[in-house]
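To keep things clear, I will list the structure first and then write my remarks on it.
Residue numbers (my numbering), protein chains in the order written: chain A, 8 to 143; chain B, 2 to 335; chain C, 22 to 311.
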C-alpha cells in the first residue's frame, strides 16, 4: 500500500437530512477529508443494494450511507425500510470478505454538521489504515 | 505397426512442450474436471470422462475483446488482438474435436473470424480417445467415434502402462519429433457408445412437424436457462457490446443463447420468439435441420453434455427418436 | 425408492381432477431418460396419469412453473419445501389460490440428483429440515410425522464461512465466481426469480453488463442472493443446477439465517405474513445507524 494512499469513498446522502447536514458542515467552514464523493438521493429508502455492490465492484474502498433519524424521515417511512435493507446488505458484503469497516450507515440530521464531519474524518482515517479494497 | 509411449515418457514430453508453448490440459478443480492452463504435469488428470464445459472456450471464449478502439486528437485507430502464445490442447475427446471442425465451418468461412482462426492455427490438438464412454454419449450416431482421430493433430489411446500414439497431421508430427516413441503390435480398440440413434431421417421429418404441439409439450419443463448452449461444443451464438473507458473502447463479444427469453428481442420490444416453445423448437431445428442444410453435417457431436446437465432432462436423443414418428404421424394425416 | 401407495394416490387424484374437468394440467414427476432420476411431468389427459411417479429423486421445485400456467386451473405435486414456495408466490400475488390444487406429500428426504447416477446421499436441505408436512395443501398424502425435532441450527458450512478471515473469504468467493459462465440456470430454476426484466439484463442503466468475468459474476450472484432474502425457501435447486458446481446455497442459506435472526421470520410458512423487506418495526435497531 502506498504511503499516501487516498481511499475512494462513495457516499449516499438523503436530500432532506444528511445532505443538508453535510451542507451545514460546509457553511460552518468545518473541514473534513475530500475523499468522499457524495451522491444525493431523495431518501435513504431509495438506495438500492445494487448501488452498494456496484460501488465496490468499480473500485470504491468504502461506502457511506446516511439518512434521517428513524422517526424523522421526510417521507415518513423510507428510512425504516432502508434500515432493514442496509442491515442485510452489511451481513452479505461481510460474508463475501469485504471488511465491515468499509461500509457505514449513520443517521445524520440537517443540524448535525459537526457530527457529519467527525464521522467522515474517522471513516476516512480508518479506510486509509485498511488500504485499498482491491489489492494489487 | 503402431507407435507407443510410456506414461513416464509422455509426462516428460509434455514437460518439454511447456518450455515454449502454453499447455492446456484437464485438471480437477472443486470436484470437477476442467480444461485449464497447467504449469506442471502433476496437475493433469487422466482419470476423467469429459469436462462439463467443452473446449470451445479456448477458441471462442465466453468473453473476449474483438479489438480496441483508440481515439486521440481526432484520429481513430483500431488495435487488433494479438495472440502471443502457441498452445497445446491436451486431452481433447473426439466429440470436442469434431465440435471444433464444425465451428470452423462457421468461423473460418467467409468472412473469416481472424481471432478464432489465429487461435486454431496456433494450437496443436492432442486427443485422448475414450475407452469408456459415459451413459449420455452417442457420438457414434453423429458422425464420429470414441477413438476417431480425424479431427485432432495427435491421437493417444491408453494401453497398459502407456499410450498408442497416432500422428495425424503434419502439425502433430512436428510436435512428436521430440517424443520418445517405440514400435508396438498393440492396436486401437473399436469402442462404441451405449446409445445408437438413427439420425438420417430426422431432417426430412422435421420439415413436416414445425407446427406440432410436441415442441410446446417438451418446452413445458424447459426453464430457459443457457446451460445447453453454453456446454455444447458447437453452439456459437454471441452478443457484442462496446465498453468505453476514458482512454479507449473495447468491443467485447460474449456467449449468448437462443434459449434466453430476450434473445430475439428487437428495439421497440417485439420478439419473434416470445414463447419457450418457439425457442426450444428453434434449438432443435438449428441442430437437426438448418445446420445440416447449410453445412451438410448435424450441429451435434453426441458428447451428451446437454443430456447430463439439463436441469429438467430435455434430452436431444429422445427428440431425435421422436421426430421421425411425428413426421409419420403428420404424413398419415395429410 | 418408490412408495407404491403414495404413487397410487397421486395417480388416482390426478385422474379424478383431470376427468371431471376441475383442472387442465397436473404438474408432477416422471422418470427421466436415465431410468433412475425423476424429471418434471405435465399431464394433460387422464390416460397419461400412469407416467406420474414419486420417489426420493423428485428434487425439482415445480412451483417455479405455476406462473407460466396461471391462465388455467392446475394441480401440483409438492414436497414441504415446495409448499412454502407456493405461499411465497401467493403472498406476492403471483398466482391465485383458487387456480392451484395442491397435492401435498409428506416427505422423508430427497437424494443428490445427477443424471446417470443414482445417489443415496440426502441433500443438504433435508439434513436441516424440520418441516416434513406441507404447510399448505388441498390433498395430503402420507404422514403423520413426528415434528418434535428441535429447530434446525444454521448449517455448519455457513458458520464455517462466517468464521473465515476477510482474505480467505475473498479468495473463496472469487475462486467460485471465476467459474461462473452466467448461464442463469440458478435464476431460471428459482421460483422467486420472475422479474420481467431482470436487473442483470438491463442495458440502460447497465448494472452488470454482458461480460462474463469474475467481478461481474460476483455482482450477479450476490445481488440475486439479496433479492431473494426473506423469500428463498431453501430448496437448493440453484446449487444443484449450476453446471460448474458453485455452492450457491451457501449464499442463500446465510441470508435466510440473517433474516431469521434480525426479523424472526421464516419464509413461506404463511401467505399472509408481510415480507420482511416490505415491512418494518419502528423501534428495531438491527445494529445499524448509531
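Ideal placement from N, C-alpha and C gives every residue a C-beta, glycine not left out.
Short CB-CB distance (under 8 Å) between residue i and chain F
i                      : result
residue 191 of chain C : Among the chains of the structure shown, chain F does not appear; the protein chains present are A, B and C.
Terminal residues of the beta strand (DSSP E) in which residue i lies
i                      : result
residue 62 of chain C  : 59-64
residue 50 of chain C  : 46-52
residue 20 of chain A  : 16-21
residue 96 of chain C  : 95-99
residue 239 of chain B : 239-245
residue 78 of chain B  : 76-81
residue 142 of chain C : 138-143
residue 184 of chain B : 183-185
residue 136 of chain B : From DSSP, residue 136 of chain B is part of no beta strand (DSSP E); its letter is neither H nor E.
Partners in chain C for residue i, counting only beta-carbon separations shorter than 8 Å
i                     : result
residue 61 of chain A : 228, 240
residue 33 of chain B : 265, 266
Residue i, DSSP secondary structure in three states
i                      : result
residue 130 of chain B : coil
residue 110 of chain C : helix
residue 243 of chain C : helix
residue 301 of chain C : coil
residue 157 of chain C : coil
residue 335 of chain B : Confidence at residue 335 of chain B is low in this model, with a pLDDT of 49, below 50, so the placement of that residue should be treated as unreliable; the coordinate-derived value is given next. Reduced to three states, the DSSP call for residue 335 of chain B is coil.
residue 146 of chain B : coil
residue 31 of chain C  : helix
residue 13 of chain B  : helix
residue 119 of chain B : helix
residue 5 of chain B   : strand
residue 104 of chain A : coil
residue 253 of chain C : coil
residue 25 of chain B  : strand
residue 232 of chain C : coil
residue 152 of chain B : coil
residue 150 of chain C : coil
residue 259 of chain C : helix
residue 254 of chain B : strand
Contact set between residue i and chain C, taken where Cβ atoms lie within less than 9 Å
i                      : result
residue 320 of chain B : The contacting residues do not exist; residue 320 of chain B stays about 11 Å from chain C at best.
residue 275 of chain B : Neighbours of residue 275 of chain B on chain C: none; closest Cβ ~12 Å, over 9 Å.
residue 134 of chain A : Per Cβ cutoff of 9 Å: no residues; residue 134 of chain A is ~14 Å from chain C at best.
Within chain B, the residues that residue i reaches when beta carbons sit closer than 8 Å
i                     : result
residue 50 of chain C : Those do not exist, as residue 50 of chain C stays about 10 Å from chain B at its closest Cβ, beyond 8 Å.
residue 54 of chain C : 308, 314, 316, 318, 319
Contacts that residue i makes with chain B (C-beta to C-beta distance below 7 Å)
i                      : result
residue 204 of chain C : 226, 227, 228, 231
residue 209 of chain C : 224, 225, 226
Nonlocal neighbours in the same chain, by C-beta distance under 8 Å from residue i, ignoring five residues either side
i                      : result
residue 94 of chain C  : 43, 44, 45, 119, 120, 121, 122
residue 131 of chain C : 77, 78, 79, 80, 100, 143, 144, 146, 147
residue 86 of chain B  : 22, 23, 123
residue 197 of chain B : 139, 141, 142
heavy atom of the ligand GDP below 7 Å from residue i C-beta
i                     : result
residue 37 of chain A : Looking at this structure, you won't find the ligand GDP or any other ligand, since it has none at all.
Partners in chain A for residue i, counting only beta-carbon separations shorter than 9 Å
i                      : result
residue 275 of chain C : 98, 99, 102
residue 194 of chain C : 102, 103, 104
residue 298 of chain C : 88, 91, 92, 95
Cutoff 7 Å; reference residue i; Cβ partners in own chain excluding five residues on either side
i                      : result
residue 54 of chain A  : 19, 48, 72, 89
residue 146 of chain B : 95, 140
residue 106 of chain B : 296
residue 126 of chain B : 90, 93, 98, 153, 154
residue 391 of chain B : For residue 391 of chain B there is no data in the structure shown, the boundaries of chain B being 2 and 335.
residue 122 of chain A : 115
residue 74 of chain C  : 23, 28, 50, 51, 52, 59
Residue interval of the alpha helix (DSSP H) (run including residue i)
i                      : result
residue 19 of chain B  : Premise fails: residue 19 of chain B is in no alpha helix (DSSP H) and is neither H nor E.
residue 188 of chain C : 187-198
residue 132 of chain A : 120-137
residue 229 of chain B : 228-232
Within chain A, partners of residue i - CB distance below 7 Å
i                      : result
residue 243 of chain C : 60, 99, 103
Beta-carbon contacts of residue i that lie in its chain and below 6 Å, excluding the five residues immediately before and after
i                      : result
residue 208 of chain C : 214
residue 39 of chain A  : 124, 127, 128
8 Å Cβ cut-off: residues of chain A touching residue i
i                      : result
residue 220 of chain C : 57
Quick one: any contact between the stretch 230-248 of chain C and the stretch 69-87 of chain C, if contact means 3 or more CB pairs under 8 Å? no
Is the stretch 298-305 of chain C touching the stretch 81-101 of chain A, taking contact as three or more C-beta pairs under 8 Å? yes
Does the stretch 223-237 of chain B come close enough to the stretch 301-316 of chain B that 3 or more CB-CB pairs lie under 8 Å? yes
Would you call the stretch 307-321 of chain B and the stretch 210-230 of chain B touching, i.e. three or more CB-CB distances under 8 Å? yes
Would you call the stretch 177-187 of chain B and the stretch 237-249 of chain B in contact, with 3 or more CB pairs under 8 Å? no
Does the structure place the stretch 27-34 of chain A close enough to the stretch 58-65 of chain A that three or more beta carbon pairs sit under 8 Å? no
Are the stretch 252-270 of chain C and the stretch 200-213 of chain C touching, with three or more C-beta to C-beta distances below 8 Å? yes
Decide if the stretch 262-277 of chain C is in contact with the stretch 219-227 of chain C; the criterion is three or more beta carbon pairs, one per stretch, under 8 Å apart. no
Could you say if the stretch 194-214 of chain B and the stretch 46-58 of chain B meet the contact criterion of at least three C-beta pairs nearer than 8 Å? no
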